[in-house]
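Residue numbers (our numbering): 258 to 701. Cβ atoms here follow ideal geometry from the backbone N, Cα and C, with glycine treated the same way. Quick caveat, the model's predicted, so the values are computed rather than measured. One structure below.
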C-alpha cells in the first residue's frame, strides 16, 4: 500500500522534469493504448466505434479528434457495458443504497456525480490501482512551496471537511487514502452543526487541511476568531473555483502553501494551481485533454482502464487553454476554470446561532421523478425549493419534505420554514451549461 504510494508518487514527480514534447508523446501513446484496450475489452466501445465505422486497426492512425466523444448520459445508460470487468447489477444497486461514505462493488470503488444541475445522478467506477495513482499525485502536489513535507510528518495528519454525502468523488479519494495509508486524520461532515466543529478540532495539529473553499472559509473564520489554532503545511481546496483573495487569505491566516485542486467525478485529478505559480496546470500524464470549439474541456483519464472514459465532454469552460505554454511545469496550462462555484446558504438555527446548509450536502436529496432542483434563500429562516420533474413521472412531495426535514433536524435547523414549488424549467447558465443549485444566497 505505502509501496504503491511511493512508487507512483516518484514516477509521476519525475514527469515534472520532462520536456513538453516528452509529456505530449507520453499522453498520446497512453491514449492510443487505452482506446485499443477499450475496443477489445469493453462491449460499449466495441459497439460504439463499429457503429461509427471505426475498426481496431484504424485506432493506430485515426486523428484523436475524429474519435466520437461520449457524454454523461451515455455513461449512465451503459455503465455495465463500459466496464471491462463483469459487475453484478443487483449487488451494485444494493451497495449504492447503503448508508456509508465509501462504496465498493467487487474490486471497484463507486463515485457518484451530482444529478441536480445536469440531470440524473451518474456513477463512475475506479479500480484500486487508479486510486493509488491519484493518491500518489498528492506527493507531486506537495513538493514545492515554502513548507516541505518531510519524513517527520509521517504518518500524515489530515483535517478533511466533507461538504457532500456518501459516494462523491472527493469523499471517495479522501476516505480511501485514510483507510489505505492509515493516516491519522479527522473528517468533519458538513451535515454536523457548526458548534461541533470546534470540539472536533480542538488541539489537533493537521499537516493537511482539505475541502471545498466554502468549507475551508469557515475553518479560516474559526481560526481568525481564535476559536481554533491549527498550523497546516498544505491546504488543498477543490470542487469550487478558488478565488485569488481566498488563496491569499488562507496563506495569511494559516501560513500554509495553498493548492487549488481541479478534478471531477469523471476524473478525480485533472490539474492544480498553487499559491506559488500562476494559473492551473492540467496534468497530461493523467488525462489526455482537449477543448471543443466553445472551449469546454474533453478528457480521457489514462489511469483507470477497467472503466475507460474516452473523450468525455465536460461542461467546464477553460479560459486560455494552452498546450504550448512555457512555464514552471511541462503540462497544458489554463488561466482558470469557469463555472464551478456553489454558494452556501447561511441561516439562523434554532439556537439563534449562524449555521449553514451546503448545496452539495443538500444534493443528497433523492426522490423519484425529480430531474433537477434549485434552492432560493428567502431570509435568514426561510428558503424555497424549486424542482423540475421527469416527463410522465409523478413526484411525491411528502418524500421531499421528509428528506429535507431530516437534513434540518441533523443541523438543528428545525426552525426554518420552506416552500416546495414545481416548475416547468430550471434555467441553465449558457456559459457553463449548468443550472445553479442556489440563487440569491448570502454569505457569512
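Query	Result
Rounded C-alpha distance that separates residue 396 from residue 651	49 Å
Alpha-carbon spacing of residue 677 relative to residue 330, whole angstroms	27 Å
CB contact flag (residue 515, residue 492, <8 Å)	yes
Burial state of residue 299 (16 or more Cβ within 10 Å)	buried
Three-state secondary structure (DSSP) of residue 544	strand
Coil, strand or helix - residue 442 by DSSP	strand
Residue environment, residue 418, which counts as buried when at least 16 other CB atoms sit within 10 Å	buried
Beta-carbon spacing of residue 543, residue 573 below 8 Å	no
Rounded C-alpha distance that separates residue 313 from residue 345	28 Å
Contacts around residue 415, its chain only, beta-carbon distance under 6 Å, and the 5 residues preceding and following it disregarded	440, 442, 463, 465
Per DSSP, cross-strand counterpart(s) of residue 384	365
Assumed close pair residue 341, residue 562 - CB separation to whole angstroms, cut-off 8 Å	7 Å
Same chain only: Cβ atoms within 6 Å of residue 700, ignoring 5 sequence neighbours per side	Low confidence applies here, because residue 700 scores a pLDDT of 43, under 50, leaving its location unreliable; read the following figure in that light. Nothing listed; no residue qualifies.
Closest Cα partner of residue 646 within the set 318, 629, 589	629
Residues sharing a beta bridge with residue 494, DSSP	468, 517
Separation of residue 485 from residue 459, as counted between CA atoms	6 Å
Nearest-angstrom Cα separation, counted from residue 512 out to residue 405	13 Å
Span of the beta strand (DSSP E) around residue 677	674-679
Segments of 4+ residues assigned as alpha helix (DSSP H) that fall wholly inside the stretch 586-658	616-619
Span of the beta strand (DSSP E), counted from its first residue to its last, around residue 419	414-419
Unbroken alpha helix (DSSP H) run spanning residue 509, endpoints	501-511
Collapsed DSSP secondary structure at residue 556 in the structure displayed	strand
N-terminal and C-terminal residue of the alpha helix (DSSP H) that residue 571 is part of	It is not in any alpha helix (DSSP H) - residue 571 instead sits in the beta strand (DSSP E) that spans 569-576.
Top-ranked residue by Cα proximity to residue 578, from 587, 571, 538, 585	538
Rounded C-alpha distance that separates residue 375 from residue 682	Summary for residue 375: the model assigns pLDDT 48, below 50, so the residue's position carries little reliability, and this model does not support an answer.
Beta-carbon gap between residue 673 and residue 604 smaller than 8 Å	yes
Closest residue to residue 518 among 503, 505, 535, 499 (Cα-Cα distance)	499
Selection from 529, 581, 528 that minimises the alpha carbon distance to residue 278	581
Residue 390 beta carbon less than 8 Å from that of residue 540	no
Assigned exposure category for residue 424 - 16 Cβ within 10 Å defines buried	Low per-residue confidence applies at residue 424: pLDDT is 46, beneath 50, and the placement is therefore not dependable, though the value from the model is reported in the following sentence. The residue in question, residue 424, is buried, as its Cβ has 16 or more Cβ neighbours within 10 Å.
Classification of residue 408 by the beta-carbon crowding that lies within 10 angstroms, buried from 16 upward	exposed
Residue 575, buried or exposed, once every other Cβ within 10 Å from all chains shown has been counted against 16	buried
Spatial neighbours of residue 549 in its chain, beta-carbon cut-off 8 Å, leaving aside the 5 residues before and after	555, 570
Burial state of residue 318, where buried means 16 or more other Cβ atoms lie within 10 Å	exposed
CB of residue 564 within 8 Å of CB of residue 451, strictly	no
Proximity test, Cβ basis, 8 Å: residue 550 and chain D	Within the model displayed, chain D is absent; a lone protein chain is all it includes.
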